[in-house]
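Each residue of the sequence shown is one higher than the last, beginning at 1 in our numbering. The beta-carbon is built from N, C-alpha and C at its ideal position, and this holds for glycine as well. Everything on this sheet refers to the single structure shown next.
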Amino acid sequence: MLNIVLFGAPGAGKGTQAALLAEKRGLVHLSTGNLLRQEISSGTATGKIAQRLIDNGELVPDGMVIGLIREQLEKHANAGGFIFDGFPRTPEQAAALDLLMEEKGMSVSAMVALEVAVEELTDRLLKRGRESGRADDRSFDVIQTRINVYHRKTTPVIEYYRAQRKYHPVDGTGSVEDISERLYRYIIHL
Ligand code: UDP
Ligand code: MG
Numbered sequence: 001m002l003n004i005v006l007f008g009a010p011g012a013g014k015g016t017q018a019a020l021l022a023e024k025r026g027l028v029h030l031s032t033g034n035l036l037r038q039e040i041s042s043g044t045a046t047g048k049i050a051q052r053l054i055d056n057g058e059l060v061p062d063g064m065v066i067g068l069i070r071e072q073l074e075k076h077a078n079a080g081g082f083i084f085d086g087f088p089r090t091p092e093q094a095a096a097l098d099l100l101m102e103e104k105g106m107s108v109s110a111m112v113a114l115e116v117a118v119e120e121l122t123d124r125l126l127k128r129g130r131e132s133g134r135a136d137d138r139s140f141d142v143i144q145t146r147i148n149v150y151h152r153k154t155t156p157v158i159e160y161y162r163a164q165r166k167y168h169p170v171d172g173t174g175s176v177e178d179i180s181e182r183l184y185r186y187i188i189h190l
């Protein structure tokens, strides 16, 4: 079983690459960002809390995203593996994921980090905002907050997986195909 954490800053290309990898390797793609947006469009209690935080570029509480992940692992109990996109976003979430995986008799195989320079991230997010209309990609201030939150709260997740010898950085620049090839070449050995 292959369980990959796909890590990277906002705009690093996690969603695009996770979808390609899921397809190639027959994995279930779990994006907590997408799950939260579904909660918002369904108007659930979780969605209402998430909406305000997402609009401000802040993280939703650890317990909330862990709950969503638990639900998905149970829903896809027969999956051949998972690719976690945009989760865990804090070391506490990473520890909770390990516990949850252990409870289900699984484990994280590797954490692959897409590396992209910060100037390029902002450009990519503003472009996505113009094309997709995602509200949190349209405001320069919200983008700045998200990148700051990433540096402050999310980058410690790297140390968490480094300590487990599961951290593997990959160059996140170039064409979608080139990046996908780099990821694939690494994952094939797991
Ligand atoms: N978010 C969160 N926890 C998650 C996933 C998403 O708090 O596990 C929130 C956060 O406010 C983030 C927004 O949802 O800025 C959008 O997340 P997504 O992963 O879709 O954006 P990306 O990082 O790919 O630009
Ligand atoms: Mg994404």
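| Query | Result |
| --- | --- |
| Any non-hydrogen atom of the ligand MG within 7 Å of K14 CB | yes |
| Simplified DSSP assignment, three categories, for A50 | helix |
| Burial state of L21 (16 or more Cβ within 10 Å) | buried |
| Residue range of the alpha helix (DSSP H) that includes D98 | P91 to E103 |
| Bridge partner(s) assigned by DSSP for N3 | F82 |
| E120 CB to nearest heavy atom of the ligand UDP below 7 Å | no |
| Of the listed residues G81, V118, E120 and Q51, nearest to K104 (C-alpha basis) | G81 |
| Option nearest E74 by Cα separation, candidates M101, T145, K166 and V149 | M101 |
| Inter-stretch contact (C-beta, 8 Å, three-pair minimum) for the segment 88-100 and the segment 120-128 | no |
| Stretch-stretch touch, CB-based, cutoff 8 Å, three pairs: the segment 160-171 with the segment 108-120 | yes |
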